[in-house]
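Its first residue numbered 1, the sequence shown is counted upward by one per residue in full-length UniProt numbering. Shown next, in structure tokens, is the structure this report addresses.
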Amino acid sequence: MTTLAARASLRGARPRASRSLRRASSRSSRPGARGARLAARASSAGGFARYGVREEQPDGSFLETYGISIDGNVGRETLRFAPGSVAVSLTIARPLGIVFEQVEGKGVVAVELVEGSNAAAAGARAGDVLRLTTAVAKGKSTVKVGKWQVEPSVDMRSRGANRAAYFACDGRSFDAVMDAVVSNGEEVDGVASPTVSLLLERPASA
């Protein structure tokens with residue numbers, strides 16, 4: 001398996017976890033933006049839900065559509081999955097406790113889970129490929145449909161307020177994906193989410 005240099009650790013489960021290797025890592029271990037009100041909530045399956053039916057492809061791969069409700073609107077993405085793989089939807093309490101790497105030909109992959117971490121308890125595994133994540137569109141006045149799924153009101157646009165969103169990871173840079181994951185710690189309407197929802201592709205070998 002050939003890996004690129006990009007690597008980030010979304011740690012925090014251990015009291016003395018090592019310092020992060022990248023800027024995104026250290027930010028992700030924080031419980032949230034300063035002054036955020038965090039509610040205690042256990043890790044659980046959920047978040048991204050499948051819509052429609054699975055579409056088998058001649059090469060053994062398949063298409064599935066997943067979406068998540070954001071402020072009453074459902075944003076959806078149709079994704080292609082490799083033969084034998086399965087989609088895994090998890091909602092995990094922050095901090096996650098995952099080490100991500102950019103793996104050539106695969107994308108952003110969970111290469112290590114911190115022992116006793118929230119991600120391990122929620123059912124994430126080493127080898128899982130990150131396909132979708134919840135995010136916060138930070139101060140955006142415009143959005144990219146299918147990447148940042150938000151529809152700000154006129155008032156929100158004028159103030160550049162943070163809005164809940166989701167982020168499609170395919171084809172995006174490692175830094176952009178890590179920034180999206182870490183952004184879940186930002187406040188929306190004065191509250192930072194205690195959880196992150198991920199859609200993972202679990203290869204047959206994982």
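Positions of the beta carbon are idealized from the N, C-alpha and C atoms, including for glycine.
### Message
I'd like to know whether the C-beta atoms of V109 and G127 end up nearer to each other than 8 Å.
### Response
Numbered from 1 along the sequence shown, position 109 holds the residue referred to as residue 109. Numbered from 1 along the sequence shown, position 127 holds the residue referred to as residue 127. Yes, the pair counts as a contact, with Cβ atoms nearer than the cut-off.
#### Entry: Status (buried if at least 16 other CB within 10 Å, exposed otherwise) for R54
As a working mapping, residue 54 is identified with position 54 in the sequence shown. Counting Cβ neighbours within 10 Å, R54 comes out exposed, since fewer than 16 surround it.
### Task
Return the CA-CA distance between G75 and G47, expressed in angstroms with no decimal places.
For the purposes of this step, residue 75 is taken as residue 75 along the sequence shown, with counting starting at 1. For the purposes of this step, residue 47 is taken as residue 47 along the sequence shown, with counting starting at 1. Between G75 and G47, the C-alpha separation is close to 12 Å.
#### Entry: Outcome for S69 when other beta-carbon atoms lying within 10 angstroms are tallied against a minimum of 16
By one-based count along the sequence shown, residue 69 stands at place 69. Exposed.
### Query
How long is the line joining the alpha carbons of Q102 and G72, rounded to whole angstroms?
Residue numbering aside, residue 102 sits at position 102 when the sequence shown is read from its first letter. Residue numbering aside, residue 72 sits at position 72 when the sequence shown is read from its first letter. Cα to Cα, the separation comes out at about 33 Å.
#### Entry: Chain-order list of residues whose beta-carbon lies under 6 Å from that of V88 (same chain, five-residue window excluded)
Here residue 88 is taken as the residue at index 88 of the sequence shown, counted from 1. Same-chain partners within the cutoff: L200 and R202.
### Message
Can you confirm whether the segment 115-122 touches the segment 176-192 when touching is taken to mean that 3 or more C-beta pairs between the two stretches lie within less than 8 Å?
### Response
no
### Query
What is the rounded straight-line gap between the Cα of S29 and the Cα of P58?
Locating residue 29 in the sequence shown gives position 29, counting from the first residue. Locating residue 58 in the sequence shown gives position 58, counting from the first residue. With a pLDDT of only 35 at S29, under 50, the local geometry of the prediction cannot be trusted, and the value read off the model is given with reservation. The alpha-carbon atoms of S29 and P58 are separated by roughly 42 Å.
### Message
Less than 8 Å between the beta carbons of R131 and D170, yes or no?
### Response
Numbered from 1 along the sequence shown, position 131 holds the residue referred to as residue 131. Numbered from 1 along the sequence shown, position 170 holds the residue referred to as residue 170. Going by C-beta atoms, R131 is nearer than 8 Å to D170.
### Query
On the three-state DSSP scale, how would you describe F174?
Looking up residue 174 in the sequence shown gives position 174. Helix, per DSSP.
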